[in-house]
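S.K.:
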Amino acid sequence: MRIGRFEVRERLGRGGMGTVYRAFDPVLQRDVALKAMEGDLGDQADRVRDEARALARLTHPNVVAVHELGVEAGQVFVAMEHVQGPNLGAWAATLEPAVRPAAVLEAFIQAGMGLQAAHDAGLVHRDIKPENLLRHADGRVVVADFGLAVLEGSDEGVVAGTPPFIAPEVLEHGTAGPSSDQFAFAASLWRLLDPEAALRDRDARIDPIVKDSLIRALDPDPDVRWSSVRALLQALVAARAPDPSARRRPSPERRGSVLLQSAKRARLSRRKAGAAWWMRGVLG
């Protein structure tokens, strides 16, 4: 079986919006992950081409490489880098309980960097979930399956995604944006940290600072959530700090990010050290 120029070798999985295959590219002589979307493209060819160009410009170590987005007999397909590693849901299930929270948090911080890069490029993923976050053998995590991705604001009114990771505004109005991706990202992390707890449950067995950060990201009102995935990541990075004095509950963003403040303190320390060295030279 062929889809475009790609020779299908095996089916890797099937979701509500399409089927993913391992396929071979005879031109470039490499395996790819090929997602064939369900349904006819219809009159949306121009939008698909615009999104394909945006995807082609998106290069980041935490984003799976998209090789090609095309149309075959009215069916959209996406050829992506083939990652020979588990998704974060399957990987997390293999971890010992003692190491799982820290390891999962670290993996999601990587994935969040990739998701923020997509948002910076004007792309909304629309289907963030543990199965679409993949882990290479070397530990690098990538955001995968951009088959549902759209340019921000280009596909209003269409409900897409996977329950229970779909934000309320998407379910109610089909309004997808960076904030709805943030909701799905937080719901995915929450699910892996405590699979038995309902979203936003204050009794969830999750680190209190991580829990507070995620509860904000999971707020039903998009305006209450973090201003960006980047802002959420800054709170999560602070939560993993080994120094108890650095582990503070998320503060209002107007007071500045933890990372920015840390960088400022480091620069100030270097300046003080340089001044002290200079004074010793002058006085000595």
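First residue of the sequence shown: -9, per my numbering; consecutive thereafter. Don't be surprised by glycine CBs; every beta carbon is placed ideally from N, CA and C.
#1: I'd like the span of the alpha helix (DSSP H) that includes E162, first residue to last.
#2: With the cut-off set at 8 Å, would you say E62 and G(-6) are in Cβ contact?
#3: Using beta-carbon positions only, say whether A174 and A157 come within less than 8 Å of one another.
#4: Would you identify the three-state DSSP class for E58, choosing helix, strand or coil?
#5: When you compare each of F155, D117 and M70 to G323 by their alpha carbons, which one comes out closest?
#6: So, using beta-carbon positions, are V73 and A134 closer together than 8 Å?
#7: Which residues share a DSSP beta bridge with F14?
#8: In angstroms, rounded to a whole number, what distance separates the CA positions of G104 and A97?
#9: Have a look at G129 and H50 and give me their C-alpha separation to the nearest angstrom.
#10: E186 by DSSP, collapsed to three states: which one?
#11: When you compare only the Cα positions, how much space is there between H57 and V219?
M.R.: Taking the coordinates as given:
#1: Unbroken alpha helix (DSSP H) run through E162: P158 to H163.
#2: For E62 and G(-6), yes; Cβs fall inside 8 Å.
#3: Yes, they are a contact pair.
#4: Collapsing the DSSP output to three states places E58 in a strand.
#5: For the chain, the structure presents residues -9 to 274; residue 323 sits outside this window and is missing.
#6: Contact annotation: V73 and A134 have beta-carbon atoms nearer than 8 Å.
#7: In DSSP, F14 forms a bridge with E(-3) and D21.
#8: Whole-angstrom Cα-Cα distance: 11 Å.
#9: Answer to the nearest angstrom: the Cα atoms are 15 Å apart.
#10: In the structure shown, E186 sits in coil (DSSP, three-state: anything other than H, G, I, E or B).
#11: Answer to the nearest angstrom: the Cα atoms are 25 Å apart.
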